[in-house]
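Enquirer:
In this note's numbering, the protein residues as written are -14 to 218.
(1) On the DSSP bridge assignment, give the partners of residue -9 in chain order.
(2) Residues bridged to residue 95 by DSSP?
(3) Would the segment 169 to 177 count as touching the segment 147 to 157 if we require 3 or more Cβ pairs under 8 Å?
(4) Please report how far the alpha carbon of residue -12 lies from the alpha carbon of residue -5, in whole angstroms.
(5) From the DSSP output, in three-state form, read off residue 12 for me.
(6) According to DSSP, is residue 222 helix, strand or coil?
(7) Classify residue 45 as helix, strand or coil using the three-state DSSP reduction.
(8) Taking C-beta to C-beta, are residue 94 and residue 4 nearer than 9 Å?
(9) Thinking C-beta only, is residue 10 closer than 9 Å to residue -8?
(10) Pull up the distance between the alpha-carbon of residue 23 and that of residue 6, whole angstroms please.
(11) If we count Cβ pairs, one from each stretch, closer than 8 Å, do we get three or more for the segment 74 to 83 versus the segment 101 to 111?
(12) Is it right to say residue 91 is buried, meaning 16 or more other beta carbons lie within 10 angstroms of its own, or is it exposed?
(13) Just to confirm before moving on: does the CB-CB distance between residue 33 and residue 39 stay below 9 Å?
(14) Closest to residue 139 by C-alpha separation, out of -3, 130, 85, would be which residue?
(15) So, helix, strand or coil for residue 51, using DSSP?
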């Protein structure tokens, strides 16, 4: 009785089935997850909990698992799949499988633990949507930046003072005279072509906010003078 209470109170669904796939033990959570009445599942094949489209292959995979010829679902491994409720609705589940060896009194069986992961799947879907929106906005920013006659770049400063550029527009080479690759390799390369007399005032202006970045968006008024170097006659 003590062990039965442990199984009944488990937060996950627990099913014990024989080698033919017939359910011989089912805890309360399984009935709750699949919306069956008490004892409706005992003696039934576990395939009724599998989506109809997958049932033809489910028995084959179970036999392969039992015979250990092909480890369809390694013992103890958790796999993602769908469960089918009594009313025909589907929901995502996480399944763990383990073998129960025969002991002289009981035949060899499979113990399956089942967990409803609908909330997890919904969160994953929302995360994917958010990431897609972020990527779309990022691509829009890139397209807009590249269409402007300006060199636009984003400078990030780590707590240890390390600087890098998460974003550099395609105009940077044309306007600043250095390539994006050169700037990525050397964060200070962006100042390479600044007119010497303008370099010191520029760095003095940028030094405080780079070391203690302000919150939100801010503007630093000023003017940079770049030198143009030409070759040839």
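Positions of the beta carbon are idealized from the N, C-alpha and C atoms, including for glycine.
Expert: Reading off the structure:
(1) Walking along the chain shown from the start, residue -9 turns up at place 6. Paired residues: none, contrary to the question.
(2) Locating residue 95 in the chain shown gives position 110, where the first residue counts as 1. DSSP lists 2, 84 as partners of residue 95.
(3) yes
(4) If you number the chain shown from 1, residue -12 lands on position 3. If you number the chain shown from 1, residue -5 lands on position 10. Answer to the nearest angstrom: the Cα atoms are 11 Å apart.
(5) Position 27 of the chain shown, counting from 1, holds the residue named residue 12. In the structure shown, residue 12 sits in coil (DSSP, three-state: anything other than H, G, I, E or B).
(6) Residue 222 falls outside the range modelled here, since the chain spans only -14 to 218, and no answer is possible.
(7) In the chain shown, the residue the question calls residue 45 occupies position 60. Here residue 45 sits in helix by DSSP.
(8) The sequence position of residue 94 within the chain shown is 109, counting from 1. The sequence position of residue 4 within the chain shown is 19, counting from 1. Yes, they are a contact pair.
(9) Translated into positions along the chain shown, residue -8 becomes position 7. Translated into positions along the chain shown, residue 10 becomes position 25. For residue -8 and residue 10, yes; Cβs fall inside 9 Å.
(10) Along the chain shown, one-based indexing puts residue 23 at 38. Along the chain shown, one-based indexing puts residue 6 at 21. Looking at the two C-alpha atoms, the distance is approximately 19 Å.
(11) yes
(12) As a working note, residue 91 is residue 106 in the chain shown. Exposed: under 16 other Cβ atoms inside 10 Å.
(13) Locating residue 33 in the chain shown gives position 48, counting from the first residue. Locating residue 39 in the chain shown gives position 54, counting from the first residue. Cβ distance not < 9 Å, so residue 33 and residue 39 don't count as in contact.
(14) Reading the chain shown from its first residue, position 154 is the one you call residue 139. Comparing Cα positions, the closest option is 130.
(15) Reading the chain shown from its first residue, position 66 is the one you call residue 51. Helix, per DSSP.
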